[in-house]
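In the order they appear, the protein sequences are chains A and B.
Count the first sequence with the numbering used here and you get residues 1 to 411, in order.
Count the second sequence with the numbering used here and you get residues 1001 to 1411, in order.
Heads up, the beta-carbon is just placed ideally off N, CA and C, and yes, glycines get one too.
Working notes, structure below.
2 protein chains.
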Amino acid sequence: MQAEIISIGDELLIGQVVNTNASWMAEQLNMAGIRVGCILAISDQKEQILETVKIASKRSDIILVTGGLGPTKDDITKKTLCEFYNSKLVFNKDVFEDVKSIFGKRGFVVSEVNKMQAEVPDNCKPIRNKNGTAPGMWFEQGNTILVSMPGVPFEMKAMMEGFIVPELTKRFRLPALINKTVLTHGIGESTLAAIIEDWENGLPGNIKLAYLPQPGIVRLRLSGKGNEKDILQKQIGDEVLKLHQIIPDLIFGYDKDTMEEVVGNMLRSRKMTLATAESCTGGYISHLVTSVPGSSDYFEGSVVSYSNPVKEKALEVKPESLEEFGAVSEQVIIEMAEGVQQKLNTDYAIATSGIAGPSGGTEDKPIGTTWIAIATPNGVIAKKFHFGEHRGRNIRRAALAALNMLRKELL
Amino acid sequence: MQAEIISIGDELLIGQVVNTNASWMAEQLNMAGIRVGCILAISDQKEQILETVKIASKRSDIILVTGGLGPTKDDITKKTLCEFYNSKLVFNKDVFEDVKSIFGKRGFVVSEVNKMQAEVPDNCKPIRNKNGTAPGMWFEQGNTILVSMPGVPFEMKAMMEGFIVPELTKRFRLPALINKTVLTHGIGESTLAAIIEDWENGLPGNIKLAYLPQPGIVRLRLSGKGNEKDILQKQIGDEVLKLHQIIPDLIFGYDKDTMEEVVGNMLRSRKMTLATAESCTGGYISHLVTSVPGSSDYFEGSVVSYSNPVKEKALEVKPESLEEFGAVSEQVIIEMAEGVQQKLNTDYAIATSGIAGPSGGTEDKPIGTTWIAIATPNGVIAKKFHFGEHRGRNIRRAALAALNMLRKELL
C-alpha cells in the first residue's frame, strides 16, 4: 500500500512558502504504518492538477491533496476534482452550518462567495472543518482513496488527526512500521560506515538503514517493516543494542533528541549547574542551552569574552598567558573554564577559544583550530580540535563538540 | 521554458526532514526568470528515480536533482543516473583533487570508499564541490539539462550560486530580471500593506511586489522584468526611493543584509564598541553579532546573566531592584545595560530581560513580556515589548528588536 501527497499552490513553486504541510503529513502517515511514495508540489492550474491526479490514481492507493480550496478565483481544486470524477457540485446543508458557525464566531455575515463553499462534489463524503470555511472531501474510485484538504496548516492538521488518519488505519489493516534514529557525534559518515559495516551487513532484510549527515552529527535511521508491532519493536531494539555495543561513545541520543537537551537532562537529574565562557562560539553554546525550556534549572549564565581585555577582566585570565601562548591555547582555555566556573559559581563549565575564520588563521593555528575545555568538580580537561574553513559551521561544530565533551564527563 | 526540482531521499518521505532545499532552489530559479513547474520528493529507490527522471525529461527543459550522492550504500543517485543515460563511471582527476583537499584540511586519510566519489558518469560535466566530497554533475540530452547536486544544503547552495544559475542564465538568454528586496522591521504585514497601499497601486505593470513575512521582519520583494537591464535598474531604484520616503524608519536594510550586519557596519564606521547583557535571549544576540566575520572589530563580549545571582555578581544589578521590581522590569534592565557597559568598557550596550516561555508567565507579566535597554555614551533608553507565546520566536524577536533599537540610536 502506498500513499502520495500532492500540495497545490504557486507559492510553493516560487519558493515563498516551505512545504512544511507535506512533511508533517508524511510523518503522520509513516507513524501510522502507511508508506509515502512521493510528495509533489504543483501549480494552481487545471491541466496540471488533472494530469497529476490521474498519474497518482494509477500508482497510489491513497492520495492526500492540500490547497486550492479557498473562496477566491485562484482556488480551483474543488472544481477540478469535480471535473476529474465527472461529478457535479451540490449544496450541502451540514457544511453550510459549519460555514455559518465560523462566520458567526468571527462576527461576519456569510457572503454569496462563501455560501459557495458549502457546495461539494456529489460523489464525495465531505469532511467537516471546525477551523475554517472550506470542507475536506473524501473520494473513492476503484481502489484509490483521494482526500482533499485546505492548505491552512491548522485546518489540515485537525482533519488529519481527527478523521483521516484514524479512518485510513481502520480501512487498511496496516503492517507494523517502526523507525528508530540513532544520533552520533564526532565521526564522519564514511568512517562511521567502515566501523559498523559488519553490523550493517548483518541487518535483517526487513530493516533498512539510512545515513543522515549534518555538520558534526551523523544520524542513523533504522526503518523496519513487519506483521507484528511487538516483534518488530524488539527486533529494532536488539539491533540498536548491538550498535550501541560497537560505538557506545559515539551515540549521544535517539530520534528527536538534541545535544543540548541530552546534556540539559543529565545536568538536571544530577542537580548540577553549568556556565560557559565563549570566545570563538560567541554565545552560541549559551543560546543552544537556553533554547531548551526549563534550562534555568541548571544554567547560570555565560561570559562571552570576545576580546582579550574581557578575558582578563571578566574571567581573570592572566595577561602573561595571553601574551605567551595566545588566546587560542591550552593555557588560556583552562584559565577561561576555571575562571567562569569560579565567577559564576557552578559545578561545570565549558570554555571555547578558536579561529572561526574567514580571517585570523596562521600557519601554526589555521582557521578551524579550536581549544575546548570542560571544568568539572574534579579538575579541568582540555582538547584541541581542527574544524573546517567555514565560519558558521566552525561555530556550530565547536558548540556540539563542547557539549559532547561535557556529556562524556557527566556519564 | 520550465524547470523541475527532484529531491531524492527517504528522510523527506517519512517527514524527518522538511524540504527547504527545494524552496530555496525554486526561489533562486524564479528570481533568475525560470519558472518551476513542479517539485517532487521521491525515495532512494532505483526504479522510482528512473521513472521520475524519465517523466521529467519529457516535460521539462531543466531538471535539478538533489540528494543521494554520499559515499554510503543508500546513496544510489549517481549509479542510477549512469544507468538512465546508459553511460559508465570513470575516474576524474580534478574531482579527486577536490576530495583529497577536503580530507587533507580535516586531517583525514582518503579511504577507498571516498576515492569512489571521484568517479563520475562519462557523459556528464562534473561540477566542483569546494565544501564536500561529492561533485555535482551536469548532463545534457536532447533539449533537456539535468543537474545532480548533493543534498547537503550549503554544498548545494554554493553550486547553485557559483555555477548552475549563472550558466542557465547564459544558456537560455533570459530576459533582464531584477529583484530588489527591502527589509522592514517592527510592523506587521497587513499594517504595512495599508501604509504603502498607494505606492503599491502605482507600481508600473512590469514590477511585481511580494510580501515575505518572518518573525519580526517583513521583506518586500520588487521583481522587475524588461528588455534593458539599465532602464529596469533605474526604474526599480526610483520605486525603492519613493518607498523609503514613505517608511524611512521601518527600513533597516536591503537584499541579503541582516540586522546584525547592518548594526555591525554602523559600529565599525563610527569606531564604536558594543557589549550585551542577556537574560531571556540567552546569548542569542551575542551569537548573531559574532556570526558576522570581523565582528571582533567592535564587539567586546557579553554577560549572559540567566540567573539572578549572575545578574548581581557579574553585572552589579542591585539585589533591592531584583527584589522590588523583579528581573523583568525597567529598573533591572537599565542596571543590566549600564552594568555591562561599564564592566566591559564599551560605548554601547544592549540588555534584554523577558519571559520567553513556555512557563513563567503571570497575569501582570504574561509570556512574551520583554524589557530591552540600550546604553549609549549619553545615557540609557529602555522599552517594554509584548511578543508571542512561542519560546523560539520570542528569543528571535527580542534579539531583532534590541538590535533595531541600537540601530536607531546609531543613526
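Check residue i in the structure and name its three-state DSSP category.
i                       : result
residue 1224 of chain B : strand
residue 126 of chain A  : strand
residue 1269 of chain B : helix
residue 1141 of chain B : strand
residue 376 of chain A  : strand
residue 343 of chain A  : helix
residue 1287 of chain B : helix
residue 252 of chain A  : strand
residue 260 of chain A  : helix
residue 1278 of chain B : strand
residue 246 of chain A  : helix
Leaving out five residues before and five after residue i in sequence, what residues of the same chain have Cβ atoms less than 6 Å from its Cβ?
i                       : result
residue 342 of chain A  : none
residue 1368 of chain B : 1386, 1387, 1388, 1394
residue 158 of chain A  : 131
residue 1220 of chain B : 1182
residue 35 of chain A   : 2
residue 1107 of chain B : none
Report the neighbours of residue i on chain B: residues whose CB is nearer than 9 Å to its CB, in chain order.
i                      : result
residue 38 of chain A  : 1013, 1040, 1041, 1042, 1043, 1048, 1052
residue 353 of chain A : Within 9 Å Cβ-Cβ: nothing; residue 353 of chain A doesn't reach chain B, min ~12 Å.
residue 244 of chain A : What residue 244 of chain A touches in chain B: nothing, since even the nearest Cβ is about 20 Å away.
residue 227 of chain A : Under the 9 Å cutoff, chain B gives no residues; its nearest Cβ is about 20 Å from residue 227 of chain A.
Whose Cβ in chain A lies nearer than 7 Å to the Cβ of residue i?
i                       : result
residue 1026 of chain B : 13, 14, 15
residue 1358 of chain B : 293
residue 1287 of chain B : 282, 283, 284, 287
residue 1088 of chain B : Going along chain A, no residue has its Cβ under 7 Å from residue 1088 of chain B, so there is no contact; the nearest lies around 23 Å.
residue 1030 of chain B : 14, 15
Excluding the five sequence neighbours on either side, which residues of its own chain have a C-beta within less than 7 Å of the C-beta of residue i, listed in chain order?
i                       : result
residue 272 of chain A  : 298, 347, 348
residue 1100 of chain B : 1110
residue 91 of chain A   : 118, 119
residue 21 of chain A   : 7, 66, 151, 153, 156
Can residue i and residue j be called in contact, C-beta distance under 8 Å?
i                       : j                       : result
residue 27 of chain A   : residue 1014 of chain B : yes
residue 122 of chain A  : residue 87 of chain A   : yes
residue 1135 of chain B : residue 1098 of chain B : yes
residue 192 of chain A  : residue 218 of chain A  : yes
residue 1064 of chain B : residue 1025 of chain B : yes
residue 1069 of chain B : residue 1153 of chain B : no
residue 1327 of chain B : residue 1291 of chain B : no
residue 30 of chain A   : residue 265 of chain A  : no
residue 148 of chain A  : residue 77 of chain A   : yes
residue 1285 of chain B : residue 1247 of chain B : no
residue 304 of chain A  : residue 334 of chain A  : no
residue 1216 of chain B : residue 1401 of chain B : yes
residue 1143 of chain B : residue 1176 of chain B : no
residue 315 of chain A  : residue 277 of chain A  : yes
residue 410 of chain A  : residue 270 of chain A  : yes
residue 390 of chain A  : residue 1287 of chain B : no
Please return the same chain residues whose Cβ sits closer than 8 Å to the Cβ of residue i, not counting the five positions on each side in sequence.
i                      : result
residue 449 of chain A : The structure shown does not extend to residue 449 of chain A, since chain A is modelled only from 1 through 411, so no value can be given for it.
residue 19 of chain A  : 7, 12, 39, 41
residue 94 of chain A  : 126, 128
residue 338 of chain A : 349, 375, 380
How far does the beta strand (DSSP E) with residue i in it extend, from its first residue to its last?
i                       : result
residue 1096 of chain B : Element bounds for residue 1096 of chain B: not the beta strand (DSSP E) but the alpha helix (DSSP H), 1093-1106.
residue 1300 of chain B : 1299-1305
residue 8 of chain A    : 2-8
residue 213 of chain A  : 207-214
residue 121 of chain A  : 119-121
residue 1176 of chain B : 1176-1185
residue 1173 of chain B : Premise fails: residue 1173 of chain B is in no beta strand (DSSP E) and is neither H nor E.
Please list, in chain order, the chain A residues whose beta carbon lies closer than 8 Å to that of residue i.
i                       : result
residue 1157 of chain B : Within 8 Å Cβ-Cβ: nothing; residue 1157 of chain B doesn't reach chain A, min ~12 Å.
If you follow the alpha helix (DSSP H) that residue i is part of, which residue opens it and which one closes it?
i                       : result
residue 30 of chain A   : 20-31
residue 16 of chain A   : It is not in any alpha helix (DSSP H) - residue 16 of chain A carries neither H nor E in the DSSP assignment.
residue 1328 of chain B : Looking at the DSSP string, residue 1328 of chain B is not in any alpha helix (DSSP H), and its letter there is neither H nor E.
residue 1193 of chain B : 1189-1195
residue 49 of chain A   : 46-59
Which residues of chain B have a Cβ atom closer than 8 Å to the Cβ of residue i, listed in chain order?
i                      : result
residue 254 of chain A : Those within 8 Å of residue 254 of chain A in chain B number zero; the least Cβ separation is about 13 Å.
residue 314 of chain A : 1301, 1303, 1314, 1343, 1344
residue 174 of chain A : Simply none; closest approach about 15 Å.
Using a C-beta to C-beta distance shorter than 7 Å, which residues of chain B count as neighbours of residue i?
i                      : result
residue 310 of chain A : 1300, 1301, 1344
Find the residues of chain A that neighbour residue i, judging by a C-beta separation of less than 9 Å, and give them in chain order.
i                       : result
residue 1105 of chain B : 366, 368, 386, 388, 389
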